[in-house]
Amino acid sequence: MSRFSLSRVSGAPASDEDLLADLRRVAQSISKSTVTQKQYRQLGKYHDTTLGNRFGSWNKANVAAGLTIYDKSTSSEFILADLRRVAVAVSQSTVSIEQYRQLGKHDRFTVTNRFGSWKKALTAAGLGISKNAGISDEILFENILRVWQHYGRQPRRSELTSYPSTISQGPYWRRFGSWTSALERFVEFANAAEAVPNNPTEDSVAQAAALKTDPTLKTQCATPDFPPRPSVSSVSIASTPTRRSPRDPGLRLRFKVLQRDNFSCRNCGRSPAIVLGVILHVDHKLPWSKGGETVFENLVTLCQECNLGKSDLVSD
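Here it is in structure tokens:
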């Protein structure tokens, strides 16, 4: 089974001096002795959170660039009132960092520095804690896979703000420090060894032989140009083996199957990256109802239409 690698954006990461030079450039362009995060988001070359995380806070980034600190005269109550205003605007009992970045009057670092953390600011404002607080790594990775599958390629950070992502950028930045680091951790997770064995058994060999000799067990809609499909390795059609895997593939296994199949349907060749609205499923070649195991060799990527049309037939 091949390992998955992360696509890299060309060029080395920006140095501290690159970030500070760009901050000074923005200050000069607006004729100010300081720069707010909102101003930098509009005019800067890099992500404002990159500067905040690199230097510890947005104010510290300004100081490191030789600029003045943004006016701290805004009272805590004004900040809390603005949090409550944004909560009303989004019709929720809580406010995520990403929502506040888009609708709030103040910088995110102003809020967290004043109250110690985003959770403490929400509590002080009488709001609930974001549903993404304390979210597990696996749920964060599940969302990455959902977006990756939707686009048929490595997702961009900006794509977390729209369908089908259900988690914004904030939890990834807080957990991993950057979007690139989040993708690196996801790839490490995807490449980790499976808890369920994937090696063929004697029954697997019998099943593969049955598929080769019985043409009625194969689907009929394969695309001739498409890459050859992996051979089936699962359980014997004739036997009723003891189950060694659950019916539904886990996150890691689904990702490996999708990656092997180039995020494309192995029957019709369609991909979400090319055809709008295509939904991919990871399905059993030998159906679960007929003894098929949930292992890498017995799973295949199908679009929703091909999968529903296949019913419980055996795929090749």
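The sequence shown begins at 1353 in the numbering used here and counts up one residue at a time. Cβ coordinates follow ideal geometry from the N, Cα and C atoms, glycine included. Predicted model only: the values in this text are computed from it and were never measured.
In the three-state DSSP reduction, Val-1463 falls in the helix class (H, G or I). If you compare the alpha carbons of Thr-1518, Ser-1427, Thr-1426, Val-1387 with that of Ser-1409, the shortest gap goes to Val-1387. Per DSSP, the beta-bridge partners of Val-1634 are Thr-1653. Annotated as distal: Ser-1597 and Thr-1653, with beta-carbon spacing of 8 Å or more.
Nearest neighbour of Phe-1541 by Cα position, chosen from Lys-1457, Arg-1508, Glu-1494, Tyr-1524, turns out to be Glu-1494. Close CB contacts of Phe-1528 within its chain, under the 7 Å cut and outside five residues either way in sequence, are with Ala-1534, Arg-1537 (chain order).
Each residue's CA atom was taken as its position, placing Val-1647 and Trp-1525 some 33 Å apart. Taken in chain order, the whole alpha helix (DSSP H) runs of length 4 or more contained in the segment 1448-1518 are 1449-1455, 1460-1467, 1470-1476, 1489-1503. Using a Cβ-Cβ distance cut-off of 8 Å, the segment 1407-1421 and the segment 1429-1447 are not in contact, since fewer than three pairs of beta carbons, one from each stretch, lie closer than that value. Where Asn-1411 is concerned, the enclosing alpha helix (DSSP H) starts and stops at 1410-1416. Ranked by Cα distance from Arg-1604, the first of Gln-1521, Cys-1620, Asp-1489 is Asp-1489.
Comparing alpha-carbon positions, the option among Gly-1661, Gly-1644, Tyr-1392 lying closest to Asn-1619 turns out to be Gly-1661.
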